[in-house]
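**Q** Using the working numbering, the letters of the sequence shown map in sequence onto residues 15 to 326. No residue lacks a Cβ here, since even glycine has one placed at the ideal position from N, Cα and C. I am attaching a structure below and will ask some questions about it afterwards.
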Amino acid sequence: MGEDARAGGVAVVGEWHQTGLTDPDGIHVSFAESNVSSEADSSKRSGVDQGDIVVTGRKGRPDDPLAGVNAKAFEATQTIDRALVGPVALAYKRVLPPPVRSGLRNFLYNLHEPNVFVNYLLQLKPGKAVETLGRFALNSTLGVGGLVDVAKRRPFKLPRRPNGFADTFGFYGIKNGPFLYLPLIGPTTLRDFAGGMLDRFVLPVAVGSPFNQLAFSVPVGVLSTLDHRAEFDDQLHVLHDGVADPYATSRDFYLRRRQQEIDHIRGKAIQSPPTPPADATAHVDAEQTPAAQALVAPGDRDRHTTKMGDGA
15 MGEDARAGGV AVVGEWHQTG LTDPDGIHVS FAESNVSSEA DSSKRSGVDQ GDIVVTGRKG
75 RPDDPLAGVN AKAFEATQTI DRALVGPVAL AYKRVLPPPV RSGLRNFLYN LHEPNVFVNY
135 LLQLKPGKAV ETLGRFALNS TLGVGGLVDV AKRRPFKLPR RPNGFADTFG FYGIKNGPFL
195 YLPLIGPTTL RDFAGGMLDR FVLPVAVGSP FNQLAFSVPV GVLSTLDHRA EFDDQLHVLH
255 DGVADPYATS RDFYLRRRQQ EIDHIRGKAI QSPPTPPADA TAHVDAEQTP AAQALVAPGD
315 RDRHTTKMGD GA
């Protein structure tokens, strides 16, 4: 676009910025008034007369080319969360005693261990693969089907190490691809979405029944969603409440955290986990701000809560 295009008293200024999303449609409209110095200066540089309408386009971030669609999906998901998912998850948290919730969470984690095992093999890390297999065997037997995490205790002391196909893709250098915010799923990228789909096929393909039956997978999926939403309620409030652009904050936090998780798996030093901007935590009590430990798709929690410091 040229420096200045005029039609019927409207000036369109070809000024593109690599900045965060401020409008889903990527367009900012303002009036060139003499009492606004920045607009006045811009008007002088572009040859725009006083009173003309200045339309400034904002070029989308390279990692978020679908920002407009994503932002709308984010808004729709938040509406559903406020009306349904959030209240049900908090009721789940209030009704079930902590030991019961902990047991169910351990059960969900244990279901993911075969997938972790496979991906450590793919990443050529046989030591961690063997430890993961040991965790799965111990928790599935002594831990009553995974309800109790006996493997992390003495004398075994085998820590849980989340892993998945998205991490393996990142380990071998596959880039994120475009950022996606999918309704009812949440933040992801093309790479992470593809990896998450493969994660879901490991048990159904390798074992079959009951993991390939809707009567099993649907209740497990609902339970995982409710447990995740209840567990990270405070963190989500920190990232969404009181910030100028909740969508951009969520996106940036997700991308930073995923990059740190990939760096960790590749053996790179991790400086510190990402934290939300200062204005996002200003209104939160001190005991809540160890928040922002995870902003993840409900079904993909295991992949996105990697412990920093497990070693490569």
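Closest to residue 170 by CA distance: which of 105, 193, 183 and 146 is it?
**A** Along the sequence shown, one-based indexing puts residue 170 at 156. Among 105, 193, 183 and 146, the Cα nearest to that of residue 170 belongs to 146.
**Q** Ordered along the chain, which non-local residues of its own chain (more than five positions away) have a Cβ less than 8 Å from that of residue 269?
**A** Locating residue 269 in the sequence shown gives position 255, counting from the first residue. Taken in chain order, the residues that qualify are 77, 190, 193 and 203.
**Q** Rounded to whole angstroms, how far is the Cβ of residue 120 from the Cβ of residue 148, which I believe are closer than 8 Å?
**A** Walking along the sequence shown from the start, residue 120 turns up at place 106. Walking along the sequence shown from the start, residue 148 turns up at place 134. Not really, about 16 Å apart at Cβ, beyond 8 Å.
**Q** Give the DSSP-derived three-state secondary structure of residue 186 in the structure shown.
**A** Position 172 of the sequence shown, counted from the start, is the residue given in the question as residue 186. Three-state result, residue 186: coil.
**Q** Pull up the distance between the alpha-carbon of residue 104 and that of residue 244, whole angstroms please.
**A** Counted from its first residue, the sequence shown places residue 104 at position 90. Counted from its first residue, the sequence shown places residue 244 at position 230. Using only the alpha carbons, I get a separation of about 6 Å.
**Q** So which of 167, 278, 271 and 125 has the shortest CA-CA distance to residue 235?
**A** Start at 1 with the first residue of the sequence shown, and residue 235 comes out as number 221. Selected option, being the one with the closest Cα: 125.
**Q** Measuring CB to CB, does residue 261 end up less than 8 Å from residue 90?
**A** Along the sequence shown, read from residue 1 onward, the residue named residue 261 stands at position 247. Along the sequence shown, read from residue 1 onward, the residue named residue 90 stands at position 76. Going by C-beta atoms, residue 261 is not nearer than 8 Å to residue 90.
**Q** Determine the direct distance from the alpha carbon of residue 101 to that of residue 111, and round the result to whole angstroms.
**A** Here the question's residue 111 lines up with position 97 in the sequence shown. Here the question's residue 101 lines up with position 87 in the sequence shown. The straight-line gap from Cα to Cα measures roughly 17 Å.
**Q** What three-state label does DSSP hand residue 215 in the structure shown?
**A** As a position in the sequence shown, residue 215 is number 201, starting the count at 1. Coil, per DSSP.
**Q** So, is residue 263 buried or exposed, given that buried needs 16 or more other C-beta atoms within 10 angstroms?
**A** As a position in the sequence shown, residue 263 is number 249, starting the count at 1. By the 10 Å Cβ count, residue 263 comes out buried.
**Q** Round the Cβ separation of residue 210 and residue 258 to the nearest angstrom and send it over; I've been treating them as touching at under 8 Å.
**A** The count along the sequence shown starts at 1 and reaches residue 210 at position 196. The count along the sequence shown starts at 1 and reaches residue 258 at position 244. Not quite, the Cβ-Cβ distance comes to about 30 Å (not below 8 Å), so this is no contact.
**Q** How would you call residue 20, buried or exposed, if buried means at least 16 neighbouring beta carbons within 10 angstroms?
**A** One-based indexing of the sequence shown puts residue 20 at position 6. Because the pLDDT of residue 20 is 36, which lies under 50, any placement of that residue in the model is unreliable, and the number read from its coordinates should be weighed accordingly. With fewer than 16 Cβ atoms within 10 Å of its Cβ, residue 20 is classed as exposed.
**Q** Kindly identify the DSSP beta-bridge partner or partners of residue 146.
**A** For the purposes of this step, residue 146 is identified with residue 132 of the sequence shown, where counting begins at 1. According to DSSP, residue 146 bridges with nothing at all.
**Q** Identify the residues that DSSP records as bridge partners of residue 203: which are they?
**A** By one-based count along the sequence shown, residue 203 stands at place 189. Per DSSP, 193.
**Q** Using DSSP with H/G/I as helix, E/B as strand and the rest coil, what is residue 210?
**A** Translated into positions along the sequence shown, residue 210 becomes position 196. Helix at residue 210.
**Q** What's the C-alpha gap between residue 212 and residue 115?
**A** Within the sequence shown, numbered from 1, the residue matching residue 212 stands at position 198. Within the sequence shown, numbered from 1, the residue matching residue 115 stands at position 101. Whole-angstrom Cα-Cα distance: 27 Å.
**Q** Tell me which residues share the same chain as residue 195 and place their Cβ nearer than 6 Å to its Cβ, disregarding the 5 neighbours each side in the sequence.
**A** The residue labelled residue 195 in the question sits at position 181 within the sequence shown. Cβ within range, chain order: 84, 87, 88 and 201.
**Q** Which complete alpha helix (DSSP H) runs does the region 220-251 hold, if anything under 4 residues is left out?
**A** List check, alpha helix (DSSP H) in window: 228-245.
**Q** Which residue marks the beginning of the alpha helix (DSSP H) containing residue 139, and which one marks its end?
**A** What you label residue 139 is simply residue 125 of the sequence shown in a count that begins at 1. Per DSSP, residue 139 belongs to no alpha helix (DSSP H) and is neither H nor E.
**Q** How far does the alpha helix (DSSP H) with residue 267 in it reach, from first residue to last?
**A** The count along the sequence shown starts at 1 and reaches residue 267 at position 253. It spans 260-279 - the alpha helix (DSSP H) in which residue 267 sits, taken as one unbroken run.
**Q** For residue 97, count neighbouring Cβ atoms within 10 angstroms of its own Cβ and tell me buried if that reaches 16, exposed if not.
**A** Counting from one through the sequence shown, the residue named residue 97 turns up at place 83. Residue 97 is exposed by the Cβ-count criterion.
**Q** Indicate the three-state DSSP secondary structure (helix, strand or coil) for residue 107 in the structure shown.
**A** One-based indexing of the sequence shown puts residue 107 at position 93. Reduced to three states, the DSSP call for residue 107 is helix.
**Q** I'd like the span of the alpha helix (DSSP H) that includes residue 86, first residue to last.
**A** Residue 86 sits at position 72 when you count from the first residue of the sequence shown. Note, residue 86: alpha helix (DSSP H), 81-94.
**Q** Quick check: what's the CA-CA separation for residue 214 versus residue 94?
**A** As a first step, residue 214 is located in the sequence shown; it is residue number 200 there, counting from the start. As a first step, residue 94 is located in the sequence shown; it is residue number 80 there, counting from the start. Cα to Cα, residue 214 sits roughly 24 Å from residue 94.
**Q** Rounded to whole angstroms, how far is the Cβ of residue 153 from the Cβ of residue 165, which I believe are closer than 8 Å?
**A** Position 139 of the sequence shown holds residue 153. Position 151 of the sequence shown holds residue 165. The pair is a contact, with the Cβ atoms about 5 Å apart (cut-off 8 Å).
**Q** Sort 208, 158, 172 and 216 by Cα distance to residue 188 and report the nearest one.
**A** Translated into the one-based positions of the sequence shown, residue 188 becomes position 174. The residue with the shortest Cα to Cα distance from residue 188 is 208.
**Q** Put residue 177 into one of helix, strand or coil per three-state DSSP.
**A** Against the sequence shown, residue 177 aligns to sequence position 163. In this structure, residue 177 counts as coil in the three-state DSSP scheme.
**Q** So, for residue 206: in the same chain, excluding its five sequence neighbours on each side, which residues have a beta-carbon less than 6 Å away from its beta-carbon?
**A** Taking the sequence shown and counting its residues from 1, one reaches residue 206 at position 192. Closer than 6 Å at Cβ, skipping near neighbours: 180.
**Q** One question on the structure: do residue 253 and residue 267 come within less than 8 Å of each other, judged by their Cβ atoms?
**A** Looking up residue 253 in the sequence shown gives position 239. Looking up residue 267 in the sequence shown gives position 253. Going by C-beta atoms, residue 253 is nearer than 8 Å to residue 267.
**Q** Return helix, strand or coil for residue 256, following the three-state DSSP convention.
**A** Within the sequence shown, the letter at position 242 stands for residue 256. Coil.
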